[in-house]
Every structure is written in C-alpha cells, then in structure tokens.
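Take a look at the structure below.
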Amino acid sequence: MGVRARLLLMLTLSAALVFSNAGCGGGGGQTGVIRTGGSTRISVVIFPGTATVPVSTNNTPSTITFDAVVYNSTNQAVNWAAMGGGTFAGNVFTAPTSPGSVTITATSQADTSKVATVVITVGAPQGVTITPTAIAISAGGSQQFTATMNGGVVAAQWTIVGAPLPADLGQISPTGMYMAPPSPPPHGTVSIIGSFGGQQGIATVTIVFSNVSLKNQYTFAYTGQDSGGFLGAAGTFTADGAGNILTGFEDVNSAKAAATFQITGGTYTVGPDGRTQVQVVTQTGNAAPVNVDFEITLISNKHALIVRFDTAASGSGTVDLATSAEFSNASISGFYSFVLSGVDSKGFSEAIAGNFFAEGVTGTFPLNSAIQDVNDAGTVTQGDVTLFGNIVQSVDPNTGRGTLLLSSTPAGTLNFAFYIVDSTHFKLVETDSAPIMTGDAFLATTPITLLSLNGNYVFNLRGSVSLGADAIGGVFAAKGTGSITGGEEDENQGGQNIHLQETIQTANYSVSPTNSNRLLLSLTNSSGTFEFGVYPAANGIATMVSLSSGGVDSGLAFLQSSQSTPQGSYALNLGGMAGDVEQDFNGAIATTNTHALTGYIDGNDHGTLDTNLPLTSSSITTTDTSGRGTITMQTAAPSSATFLLVYYVVDGSSIQVVEVDGARVTSGVMPNQF
Amino acid sequence: MSRMFARNFSFITAVALSLFIVFPANAQSSGRAASISMDPSISAPVYEIAKEIKIQGTVAKIESVAPGSTAGFHIEVQAAEGAFDVHLGTAPAITAESLGLEAGQTVTVVGMMATVGGNPMLLARILTTPTRIFILRSEHGIPLRTLMPRGSATSAKASKGGF
Chain A
489 MGVRARLLLM LTLSAALVFS NAGCGGGGGQ TGVIRTGGST RISVVIFPGT ATVPVSTNNT
549 PSTITFDAVV YNSTNQAVNW AAMGGGTFAG NVFTAPTSPG SVTITATSQA DTSKVATVVI
609 TVGAPQGVTI TPTAIAISAG GSQQFTATMN GGVVAAQWTI VGAPLPADLG QISPTGMYMA
669 PPSPPPHGTV SIIGSFGGQQ GIATVTIVFS NVSLKNQYTF AYTGQDSGGF LGAAGTFTAD
729 GAGNILTGFE DVNSAKAAAT FQITGGTYTV GPDGRTQVQV VTQTGNAAPV NVDFEITLIS
789 NKHALIVRFD TAASGSGTVD LATSAEFSNA SISGFYSFVL SGVDSKGFSE AIAGNFFAEG
849 VTGTFPLNSA IQDVNDAGTV TQGDVTLFGN IVQSVDPNTG RGTLLLSSTP AGTLNFAFYI
909 VDSTHFKLVE TDSAPIMTGD AFLATTPITL LSLNGNYVFN LRGSVSLGAD AIGGVFAAKG
969 TGSITGGEED ENQGGQNIHL QETIQTANYS VSPTNSNRLL LSLTNSSGTF EFGVYPAANG
1029 IATMVSLSSG GVDSGLAFLQ SSQSTPQGSY ALNLGGMAGD VEQDFNGAIA TTNTHALTGY
1089 IDGNDHGTLD TNLPLTSSSI TTTDTSGRGT ITMQTAAPSS ATFLLVYYVV DGSSIQVVEV
1149 DGARVTSGVM PNQF
Chain B
66 MSRMFARNFS FITAVALSLF IVFPANAQSS GRAASISMDP SISAPVYEIA KEIKIQGTVA
126 KIESVAPGST AGFHIEVQAA EGAFDVHLGT APAITAESLG LEAGQTVTVV GMMATVGGNP
186 MLLARILTTP TRIFILRSEH GIPLRTLMPR GSATSAKASK GGF
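Protein sequences appear in the order of chains A and B.
In terms of this note's numbering, the first sequence opens at residue 489 and continues consecutively.
In terms of this note's numbering, the second sequence opens at residue 66 and continues consecutively.
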C-alpha cells in the first residue's frame, strides 16, 4: 500500500474512532477521544522532503512521485505546483529538461492558506534513467522500478546502496521490484542503482513508517496518573502489521484500582513519522469491555515510546519487541540489577534499586545473594541484605507474564506482575493495593567491581523533593578506579528551583559493602554532596537511587560513547508533572543543517488531548565536551507552548532529556529513528 | 486551546527569554524570572522536623497555584502570629474538596517555614481540619503524591476516619 492510500486509511480510522467514541455518550470517561481537528491547526508535510534528480530528456522523463499528509483534517487532498520548471500530473512531477532548483508546493484543499514547500535539485542526465527517480515508500511496501536508456527499457542489474550492515535496506528483485524494510533504515533513504551497458542510473527512495512497522509481540510499561493518583502499568500486545491488535495482557495499578486486563483486540494506525494511534479493547473478569488509547511513537520496528492517551489517565513509558522464545522461568537466570519507583502505603514517593540473583528454573531469588537501597519518603535504608524473593506464578509462554515477590525488612513483601522482554530485561508492576511500585530489571554482569563504572555515564533520575516533582539529568566521569573526575548536571526541583549546568566536582565511588554487587557513589556540586546506590547491569546500563533524605529520586545511567550533536530524525517522550497534574508528550522531530527542529508532538494534559502539534521556531544547540546541549521547542499557535530542555547524548542512537523551565517538571528520552 | 497551553504560555515566554540568556553563560549567574530560582546555590528546602512550628488559625484563602511560582495547593491561614502562606502539596488529589477545606474554617498546621522563590511559606506536614487529620508530608518533607483509599496506613485514617 502506498503512502497516500495508507494515510487515507489512517484518517478514515481516526474519524471512525471519534465517531464511535461520540456514540458512547460519555461512558464514564473510560474512552479517550483522539481529535483530528480540535484546537490544532491544519498543516501539510511533503514526502519525500528533498530529492536530487537528473534532467528529463526528449525521450526519457525523470519523475518524482510525491505524497502529502494533511494533519488535523479529514480532507487529505492537496494541489501540487512547481516553480522553476517541470510539470505535475496528479502527484507525479516530471523534471524539466534543464538543470536548476525547483520549488514544489502542496496546498491543502481544506485550507488553501496551508502550504508545504520542498526544494529539489535537477542535475545532469544519467546514462540510465530510473523511473521513478525519487519516491517515498511505506515501510514494508513495494515499488516497481524501470530502467531506460535512449528511450528504451533495458534489463538493468539492480543493487541497493545505503547504510552498512546490519541495517535492513530492503530487497530488490532481478526485474526491479523493490521491497522496503519494515522500518526506515539509517538516514531514512536508500539508493536504487540500475546498471546497464557500463552506464548507471540512481533513484532515491525515502522510506516512511507504516503499519508494517508494528508487527509481532511487544512488551510495554508506563507510569503516570489517573484519578486515583500515581498509576503504573505493564503488559504485552501482539500487532499484526496490518493495523490490528490481536491479543494481549495488561496489569494496571493505581490508588483507584488494581486489576489484570485481557486485551481482546484493537486497532492502530502508524503515521509516516512513526507517531501511532492505538486503541485496545480491555476486559477484566465479567466487566464490560473498556477501550484504552495510546499514542506510540516508533523508534524502529523493535522499540517505541508510549503515552497513555485518553481522558481517563496519562502516562509515559516504553515498548520493546519481545523475544517470545524466552518466555520461561528458566530465562530469568543470573544476577539482575533493578530499579523500582512509585508510592508507598501512605502515598509518599518511594524508590528502590538493587541487585538479586535468580536461580533460573526454580524461580528462586535466594537470601544472601541480593542487596538493595530503599528510599521511602526520605527514610533511607542503605545496603540492605535482607532481600529475597521468588517467582510465584510461572511465566506464561504466550504472554511472557509471571508474578513474583520481593521481600525485605525495610520494604516488606512486595508482589509484582512481570512481563519478559527477553532474558536480559523484564518490566514489573506491583499488584498490591499498596505500595504501588513499577520498574525494570536488567541482567547484570558480575562481579561488580570498581571497573564496572569506567567511562562517562549519562544519568536521568526522577522523583520528589519538598516542593514536589524533581527531575535530574547529567553526566559523570568514572575512571574505573573509584574516582569521579568531573561532570555536569541539571535539576528541576518542582519547577521552582532550577539548577542549570552545575559542575560535578571530583568525587568517588566504592564497592560497599566489600564484595557486594553494590556501588556507593558520591557526587558533589555547589549544593553539597549527594550519595546514590548504583547497580551496574550489562550493556553499560546501571540502576540508581538517591540516598538523600531530601529527595526520592531514581532512574538509570548509561555508558556514554558519543558527545556529538544530534542529527537526523528522533522520537521524543517527555513525562512528568505540571504543577499538580500529569503531562505526557510523544513526538517525532528532526534536525536541520541550521540547528532548527521540525516535527510534531502529541500531548496528554491529564486527560486533555492535543494531537499533531507542529513545531515552530524550535532549535537545538551544539553539544559541549560532555555531550550536553539545549533544545528550545515551541508548538505553533493556537496551541502554543514552549519547552526548554537540556539534553545529554548517550550514543548515536540515544539521548536523555530533562525539562528546565518553570512550566513543567518532565524528563524523558529522544532516541534516534534514522 | 487546551488547558496545557493556555495555562503556561505567558509565563513560559518570560522564562524562555531568561533561559536564552542563561544557557550561553553556562548558567552560573542568576537568571530569575517570575519567582523561579536559577541560582544553583538555592535548592529545594531540606525539611528538618526539629524546625517545625505549629499554628492555628482561620482559612482566609484557598488557591491552586499554577506552574511558574511555587506550584501546588496553598491556603492562607490567619493565625494569631500573622498570616501564613501554607503549601499543602502538589498531588492532583490534594484539593479543597478532598481535604474538606472551606474558607473560614479553623485549622491547625504543623510544618516548617521555608523561603521559596523569595517568599516565606509554611511547608505543611500535618493539617488538622475540624473533622480530619491529614499527613501531607513525610518526616523528611517529601510531599504526598497519592491519596491511598485502599488500605492506607496513614495515622489520619486510623485516628479520625479520613481516607
């Protein structure tokens, strides 16, 4: 299915979604409404966004097949025009016979004041002309290419050129039939080269996300707020790659209710930039089915960011392709570093990080093989070794769901549902009525020594201080010997006290207690010295919890391998508090050569939903030597808002983000799409 | 226009301007806007139970303060010692309705005085209304995040039949 046909389907489904919800007649606020109009304005995007094509010749036209998306309108029709030469037949542009720049415009028929523009370059003729010479293709879609020379079709030899392996660039048949990969490759494009008689021609293919990009079984989790307060959820769903959610399971816990839901079906529509509308049908026991809406922004066909996107709740989290072959107790084997956060039995913030040993098939996490730090509303228990646990309900081979308990003196007995991503990672949500904790466990490499922290680590922590919500981002340099040689950090305390780019001074860390799997980290800045319990996992990840009585913060640290300024297309998630309400945002944004940012975000303001908000006057600064930079992100009127963000680069594919304005205390991630 | 944007736009524009100035300067100097502190030496108040005070007075004003100053739910209590800006917390569930608060009520507040954004305020840990006791902060000053109606272990529930 082409981009245009898929977009029409997407908008039809969106309209149907609104219609069906309206028909519910306000059924207790259980069903969200995804607005396709609302307060946001119409805007137009052209695909492909840029192209270089050869001139047309007398007997061989050089063509570009364009598509346009009209956001916030059910009318997707546009009028195409070219300034600088060439002609349009429908959405197919034929290049002029002389080189130069041509400006392509797509004008919305729904609002003729809304116009998108791209500039293409028409260059020298090629020995072989490929038709089409440029096109945008949906992920998983196909396109027949033809090669002509001197006006006649020739049997060219076809090759695909793009990013090196392991990138999936798609496949092309000997007859020129190209099959796009399930998600955009690095840089979002591939070149199709047709060779004949010692001559070559090149076509440029832009690959955009499609429903095919969400196919298979995924594990997800998110945290946020509903009318009961703090909300945690984890689950699994299976998507068919054609817009249908087939099945799934979800555990949801808040002060309002804790329940396990079966996902009995649903629909989804992936937009070309990866932003995806999902509606699942959930049911628990004999209760009536309830629709739950999500906004998922795809990073690839393997990972995505999720926002609970309906009027009943808001929250942020992640979606990961699951390895169903590892849905067993035996897969949970070895040492795991974990982090949990949420609320205690009184409703105060609580955070735990630790490390335990899982025996595997027995499902036992034995005493004397585990250690944790507990920060319960500022009451801190360090290096607690009373922790033990076990899997209670064995892992279901279909859902990857099991239940387990963790028991210790400072935290009591906590019961969780967990969902396996793979043997190195599972997500947890507590099933007790109180406390309510959620988190992740990652396979750890042991023994943990001073060398377990060796390099620069980007950290991203979230929690509470005396003024309310707290978010911290930063980077520290560990030498592998117990020394912290520096770093910098930013902190947003309740939107009130905002600490920008504080220098982390020389500090230290140690294995404490000796021979344990726990690191005690001290970070000193101008405000004082702050201690953290750090539990390294494999793949350069570490779980962290604050050991300060004045702040209940926890999160993850990531080994940094790049400090380069972001370039390309990124998914974005921000979640947290705006005063006393939860706000969560997902987006797909892209950098330009001039450090401008373009793209769209979707937001859930504690039940008030905004979709397809275009960025305007947004920019990103270059990084400093620590990989830190800043982002100013503004959405266009009439839904105007400004986000001032600090970002820390982890590597070429991952960036951590903290908001540093007074409007919100949010943090999140900005992973590279392509 | 959604609440999200209507609430924040004018304020954040001012903050944005200040941050544009602050970012290039490595933020070591103050970049104040509204009552937000950009001074790295100023942190969220560290709650010390030894510094707690107890006031009793009349609720003179109830307001939910939007982001941009000390966001959250506040009441002004007129006590014998004077008027107090009492910060009750930032949880969505902390509302006049959920706490049963009305202007004119007599309340007792136990908390710690702090200066936030240049303004003195009482960070409330325990609020006693005519019918209930609410524990709104932990002994370390961490504010309540969720009211726990299911099996809450708050002393408020035990003693006065609150949540």
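Just so it is clear, CB atoms sit at the ideal spot from N, CA and C, and this is done for glycine as well.
When secondary structure is reduced to three states using DSSP, ASN817/A falls in the helix class. Around the CB of ASN567/A, fewer than 16 other CB atoms lie within 10 Å, so the residue is classed as exposed.
Distance from the Cα of GLN121/B is smallest, within the candidate group VAL175/B, LEU212/B, SER108/B, for VAL175/B. CA-to-CA, the gap between GLN614/A and ILE625/A works out to about 23 Å.
A contact between stretches requires three or more CB pairs, one per stretch, nearer than 8 Å, and the region 1040 to 1058 of chain A meets this requirement with the region 938 to 958 of chain A.
Under DSSP, ASN843/A forms a beta bridge with SER825/A, ILE859/A. Contact between the region 672 to 689 of chain A and the region 635 to 643 of chain A is established, with three or more Cβ pairs separated by less than 8 Å. The region 806 to 819 of chain A and the region 888 to 895 of chain A touch, with three or more beta-carbon pairs separated by less than 8 Å. Using beta-carbon distances, GLY137/B counts as an interface residue toward chain A, with a partner under 8 Å. For ALA746/A, the enclosing beta strand (DSSP E) starts and ends at 746 to 758. The alpha-carbon of THR933/A is positioned some 21 Å away from that of ASN996/A. Of all C-beta pairs linking the region 975 to 990 of chain A to the region 952 to 963 of chain A, three or more are shorter than 8 Å, placing the two stretches in contact.
When rounded, the separation of the alpha-carbon atoms in ALA144/B and LEU875/A is 48 Å.
A direct Cα-to-Cα measurement between THR211/B and SER715/A gives close to 10 Å.
Each of ILE552/A, ALA800/A, ASN732/A was checked against the Cα of THR609/A, and the nearest Cα belongs to ILE552/A. Per DSSP, the beta-bridge partners of ASN1061/A are ASN1074/A, VAL1157/A. Each residue's CA atom was taken as its position, placing ILE200/B and THR973/A some 42 Å apart. Counting along the chain, LEU164/B sits inside the alpha helix (DSSP H) bounded by residues 161 to 164. Between TYR1088/A and GLY1075/A, the CB-CB gap stays under 8 Å.
As summarised for the region 114 to 194 of chain B, the continuous beta strand (DSSP E) elements at least 3 residues long and confined to that stretch are 117 to 130, 137 to 144, 147 to 154, 171 to 181, 184 to 193, given in chain order. By the neighbour-count definition (other C-beta atoms within 10 Å, threshold 16), PRO549/A is a buried residue. A direct Cα-Cα distance of roughly 44 Å separates ASN843/A from VAL678/A. In the structure shown, HIS791/A adopts extended strand secondary structure according to DSSP, grouped into three states.
For ALA156/B, the C-beta contacts it makes with chain A under 7 Å involve GLY717, ASP1068, in order along the chain.
Around the Cβ of ASN1092/A, a 10 Å sphere holds 16 or more other Cβ atoms; the residue is buried.
For the region 180 to 212 of chain B, the residues whose beta carbon sits under 9 Å from a beta carbon of chain A are, in order, VAL181, GLY182, LEU188, ILE200, ARG202, SER203, GLU204, HIS205, GLY206, ILE207, PRO208, LEU209, ARG210, THR211, LEU212. An exposed status is given to GLY578/A, since fewer than 16 other beta-carbon atoms sit within 10 Å of its beta-carbon. Residue nearest to GLY1028/A within the set LEU1097/A, LEU1101/A, ASP978/A, SER1142/A is SER1142/A (criterion: CA-CA distance). Taking a Cβ-Cβ cut-off of 9 Å, GLN1055/A has no neighbours in chain B, whose nearest Cβ is about 20 Å from it. Only residues of its own chain outside the window of five on either side were considered, and among them GLY890, THR891 have a CB closer than 6 Å to the CB of GLN881/A, listed in chain order. For the pair ILE159/B and THR897/A, the Cα-to-Cα distance works out to about 31 Å. In the DSSP annotation of this structure, the continuous segment of the beta strand (DSSP E) that includes VAL558/A starts and ends at 555 to 559. Cβ atoms of ASP872/A and ASP861/A come within 8 Å of each other, at about 7 Å. In the three-state scheme derived from DSSP, where H, G and I count as helix and E and B as strand, ALA1045/A is classed as strand. ALA899/A is classed as buried because its beta carbon has at least 16 other beta carbons within 10 Å across all chains shown. Residue TYR710/A holds the alpha-carbon nearest to the alpha-carbon of SER802/A among GLY628/A, PHE930/A, ASP910/A, TYR710/A.
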